[in-house]
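First residue of the sequence shown? That's 1 in the UniProt record's numbering, and the numbers climb one at a time after it.
Notes for the one structure printed next.
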Amino acid sequence: MKTEEIRLQLKTDRLVIRPLQNQDYERWLEGCRNRFPSQYKYDDDKMDLSGWTQQKFNDDVVSKLQKYADQDEAYVFGVFRRSDQKQIGKVELETIMRGEFQWGLLGYTIHNQFWRNGYGKEAVKGTLNIAFKNLQFHRIEAHINVDNEPSIKLAESIGMEYECTRKGFIFEFNEWTDNLVYYMNSK
């Protein structure tokens, strides 16, 4: 494991949070395959995995994500359960602006078959630790759809603060949607 990968890895009580690696293909595939059907509007449906080979995973996931990290554009962390090494989701950090801002964006997804176990909260708290301590971000925001109650509850449960509602902020679902902005600054 390279020094950079170690710097971007964290173990919590139940999870390992780290960049995806080529050897994660089978765990990634299993996590995606075993998802339940979509549970609500913001829960992704099952992916069509028919064309996903080890090589496609290496090229389209691992290599691309490493390139984004090398360029300080984005960091995507696989979330793995320590007890059995199952890949249960991911947490993403995108760089909005560096310089005098040191500002990033947070996103998170836990496969729905692992919901209601506190993994999302544990994974996001761990990733924020990496964001502030290892990646030197000062401010992290989460942009959350106004009706995405589970995501709002998660952000609030880890101490993110509501800042504002941005009207017509993100183009999704074929329209410009309003988003709540939750933030946390480094301490």
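Beta carbons are placed, not taken as given, at the ideal position from N, Cα and C, and that holds for glycine.
Residue interval of the beta strand (DSSP E) (run including Ile-152): Here Ile-152 belongs to no beta strand (DSSP E); instead the alpha helix (DSSP H) covers 149-157.
CA-to-CA distance, Gln-9 to Thr-3, given in whole angstroms: Low local confidence applies: a pLDDT of 44 at Thr-3 is under 50, so the model's placement there is unreliable, with the coordinate-based value given in what follows. Each residue's alpha carbon lies about 10 Å from the other.
Supposed close pair Asn-179, Arg-166 - CB separation, criterion 8 Å: Rounded to whole angstroms, the Cβ separation of Asn-179 and Arg-166 is 5 Å, and the two are in contact under 8 Å.
Buried versus exposed, by CB contacts within 10 Å (16 or more), Val-146: Val-146 sits exposed, since fewer than 16 C-beta atoms from the chains shown fall within 10 Å of its C-beta.
Given 8 Å, three or more beta-carbon pairs between the segment 43-57 and the segment 83-101: The segment 43-57 vs the segment 83-101: no contact.
Selection from Gln-54, Ala-74 and Leu-65 that minimises the alpha carbon distance to Leu-20: Closest in C-alpha terms to Leu-20, from the list Gln-54, Ala-74 and Leu-65, comes Leu-65.
Local Cβ density within 10 Å of Tyr-162, reported as buried at 16 or more and exposed below that: The residue is exposed, with fewer than 16 neighbouring Cβ atoms inside 10 Å.
Among Tyr-25, Val-79, Phe-169 and Gly-120, the one whose alpha carbon lies nearest that of Lys-153: For Lys-153, the closest alpha carbon among the candidates Tyr-25, Val-79, Phe-169 and Gly-120 is that of Gly-120.
Bridge partner(s) assigned by DSSP for Gly-89: Paired residue(s): Val-79 and Ile-110.
Rounded straight-line distance, which links the Cα of Asn-185 to that of Glu-175: In this structure, the CA atom of Glu-175 is about 30 Å from the CA atom of Asn-185.
For Ser-83, the nearest candidate out of Val-16, Thr-177 and Phe-171 (CA to CA): Ser-83 has its Cα closest to that of Val-16, out of Val-16, Thr-177 and Phe-171.
DSSP three-state assignment for Tyr-68, whether helix, strand or coil: Looking at Tyr-68 - three-state DSSP - the assignment turns out to be helix.
Per-residue DSSP class, three states only, for Tyr-183: Three-state result, Tyr-183: strand.
Nearest-angstrom Cβ-Cβ length linking Gly-78 and Asp-24, presumed shorter than 8 Å: Contact flag correct, Cβ pair sits at about 6 Å.
Residues bridged to Tyr-162 (per DSSP): In the DSSP output, where bridge partners are listed per residue, Tyr-162 has Tyr-182.
Beta-ladder partner(s) of Val-16, from DSSP: BP columns for Val-16 point to Lys-11 and Phe-80.
DSSP-derived helix/strand/coil call for Glu-172: Strand, per DSSP.
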